[in-house]
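> Next up is a structure, given as structure tokens.
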Amino acid sequence: MTNWITIITFIYPHEAHIAKGVLESEGIDVFIKDEMTAQVNNFYSTAIGGVKLLVNEEQRERALQILEEAGYIKTPEDSAEPESKEFFGVKYSHTCPYCNSQNVMKERQPSYTMILSILFFMIPIPFLRRRYHCFDCDQNWRVRK
Ligand SMILES: [Zn+2]
Numbered sequence: 014m015t016n017w018i019t020i021i022t023f024i025y026p027h028e029a030h031i032a033k034g035v036l037e038s039e040g041i042d043v044f045i046k047d048e049m050t051a052q053v054n055n056f057y058s059t060a061i062g063g064v065k066l067l068v069n070e071e072q073r074e075r076a077l078q079i080l081e082e083a084g085y086i087k088t089p090e091d092s093a094e095p096e097s098k099e100f101f102g103v104k105y106s107h108t109c110p111y112c113n114s115q116n117v118m119k120e121r122q123p124s125y126t127m128i129l130s131i132l133f134f135m136i137p138i139p140f141l142r143r144r145y146h147c148f149d150c151d152q153n154w155r156v157r158k
């Protein structure tokens with residue numbers, strides 16, 4: 014039986030549809046949830062957690078990788094994770110400091126934050142250091158260059 018899990022949430026349905034198209038073009042099965050509620054009232058959308066994009070559990074990692082490459086923001090669950098350990102050296106941007114795997118991914122900061130900070134304060138807020146993730150041992154870390 015297929016286990017559908019939420020991998021990313023959008024405020025507006027059209028954003029979810031664009032991301033769905035990106036994933037489907039890579040052969041990922043995608044399911045959109047809570048779309049109707051969001052279309053009725055966009056203010057409701059944030060209240061119920063937005064428009065959810067669901068994928069098959071087995072395709073989760075591939076789907077997240079595609080979203081990362083496409084520049085989409087991280088899921089709220091991921092950004093709520095505890096502070097990651099920091100490693101010194103540029104090589105840890107490509108190699109996992111825990112298991113030496115090269116199956117690592119750089120996580121981007123939410124682009125919304127950047128846009129909002131420019132709109133409201135006229136200057137970009139200094140952002141957190143980039144965080145990295147290893148798909149082999151599932152560890153997260155930061156890199157100080
Ligand atoms: Zn690793």
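Each number in this note's numbering corresponds to the 1-based position in the sequence shown with 13 added.
For glycine and all other residues, C-beta sits at the position ideal for the given N, C-alpha and C.
From this set, Arg-157, Asp-149 and Ser-106, which residue's C-alpha is nearest Glu-74's C-alpha?
Nearest of Arg-157, Asp-149 and Ser-106 to Glu-74, Cα basis: Asp-149.
> Taking 6 Å as the limit, tell me which residues put their C-beta closer than that to any heavy atom of ligand 1, in chain order.
Cys-109, Tyr-111, Cys-112, Ser-114, Cys-147, Asp-149, Cys-150 and Gln-152
> Take Tyr-145 and list the residues in its own chain whose beta-carbon comes closer than 6 Å to its own, dropping the five residues that flank it on each side.
Val-117, Lys-119 and Trp-154
> Could you name the residues that DSSP lists as bridge partners for Asn-116?
None, per the DSSP bridge assignment.
> Suppose the cutoff is 6 Å on Cβ atoms and the five residues either side in sequence are ignored; what does the same chain contact list for Ser-92 look like?
With a pLDDT of only 49 at Ser-92, under the threshold of 50, the placement of this residue in the model should not be trusted; the figure read from the coordinates follows. Correct list: empty, nothing qualifies.
> Where do the ends of the alpha helix (DSSP H) carrying His-30 lie?
26-38
> Helix, strand or coil for Tyr-105, going by three-state DSSP, please let me know.
helix
> Thinking C-beta only, is Glu-99 closer than 9 Å to Val-156?
yes
> By the DSSP assignment, the beta strand (DSSP E) with Ile-41 in it spans what residues?
Per DSSP, Ile-41 belongs to no beta strand (DSSP E) and is neither H nor E.
> Can you give the Cα-Cα distance for Ala-32 and Leu-80, rounded to whole angstroms?
7 Å
> With burial defined as no fewer than 16 other Cβ atoms inside 10 Å of the residue's Cβ, what is the status of Asn-16: buried or exposed?
exposed
> Name the residue from Leu-36, Ser-106 and Tyr-105 whose alpha carbon lies nearest to the alpha carbon of Val-68.
Looking only at Leu-36, Ser-106 and Tyr-105, the smallest Cα-Cα distance to Val-68 is reached by Leu-36.
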